[in-house]
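> Residue numbers (full-length UniProt numbering): 1 to 165.
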């Protein structure tokens, strides 16, 4: 079968990367403590939205802070990302097969989190109500991830770079 056929190994790899990316971002938003299940032990992540110091420095298991440290801090944060959107690209995110058992996915995304605001006081001393109001923070970014298939057949993230725009 030609490589472009929908049942080919290459197309299967591309689907696995898209599915893996959706599972990864879902875990980052909902259960950051479960993210490690999607990561290779030698994973490298460059993501200032994940880095505890908001740095573009690479996070690995050997870095300081480590990738595990960053994920633990995210899991205990009150300001976690609550949702994400992977924007379509003709009609799905761009993917490239790196080799038979690795694939790279590139896309534009929006990360969203809800921050609560304190009471807003007017000049006359009145407040806008007793409950805090939600404030959405949105960050647009470009993301590139590389996924590798292991001997068990499962796919894990081996590198990711996220650049806010």
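For each residue, glycine too, the CB sits at the ideal point set by N, CA and C.
The structure displayed is predicted, hence computed values, not measured ones.
What residue from 56, 163, 103, 115 has the CA that sits closest to residue 156's CA?
103
> Is residue 76 helix, strand or coil by DSSP?
In this structure, residue 76 counts as helix in the three-state DSSP scheme.
> Just to confirm, are residue 164 and residue 49 a CB contact at a threshold of 8 Å?
yes
> Where does residue 20 land, buried or exposed, given buried means 16+ other C-beta within 10 angstroms?
Buried is the call here.
> Which one or two residues does DSSP pair with residue 144 in a beta bridge?
106, 161
> Could you tell me the alpha carbon to alpha carbon distance between residue 40 and residue 57, rounded to whole angstroms?
Roughly 18 Å separates the two Cα atoms.
> Looking only at its own chain, which residues have a Cβ that is under 7 Å from the Cβ of residue 26, when we skip the five neighbours before and after it?
none
> Residue 115 to residue 36, Cα distance in whole Å?
26 Å
> State the start and end residues of the unbroken alpha helix (DSSP H) segment that holds residue 30.
9-30
> Taking buried to mean at least 16 other C-beta atoms within 10 Å of its own C-beta, is residue 89 buried or exposed?
exposed
> Here's the rule: buried if 16 or more other CB atoms are within 10 angstroms of the residue's CB, otherwise exposed. What is residue 162?
buried
> Which residues in the same chain have their Cβ closer than 6 Å to the Cβ of residue 106, if we skip the five residues on either side of it in sequence?
94, 144
> Out of curiosity, what's the CA-to-CA distance linking residue 70 and residue 11?
33 Å
> Going by DSSP, which residues form a beta bridge with residue 97?
According to DSSP, which records beta bridges pairwise, residue 97 is partnered with 103.
> Tell me which residues share the same chain as residue 146 and place their Cβ nearer than 7 Å to its Cβ, disregarding the 5 neighbours each side in the sequence.
98, 102, 104, 158, 159
> Rounded to whole angstroms, what is the Cα-Cα separation between residue 140 and residue 33?
24 Å
> With H, G and I counted as helix, E and B as strand and the rest as coil, what does DSSP make of residue 151?
Here residue 151 carries a coil assignment [DSSP, helix/strand/coil].
> Roughly how many angstroms lie between the CA atoms of residue 53 and residue 85, to the nearest whole one?
24 Å
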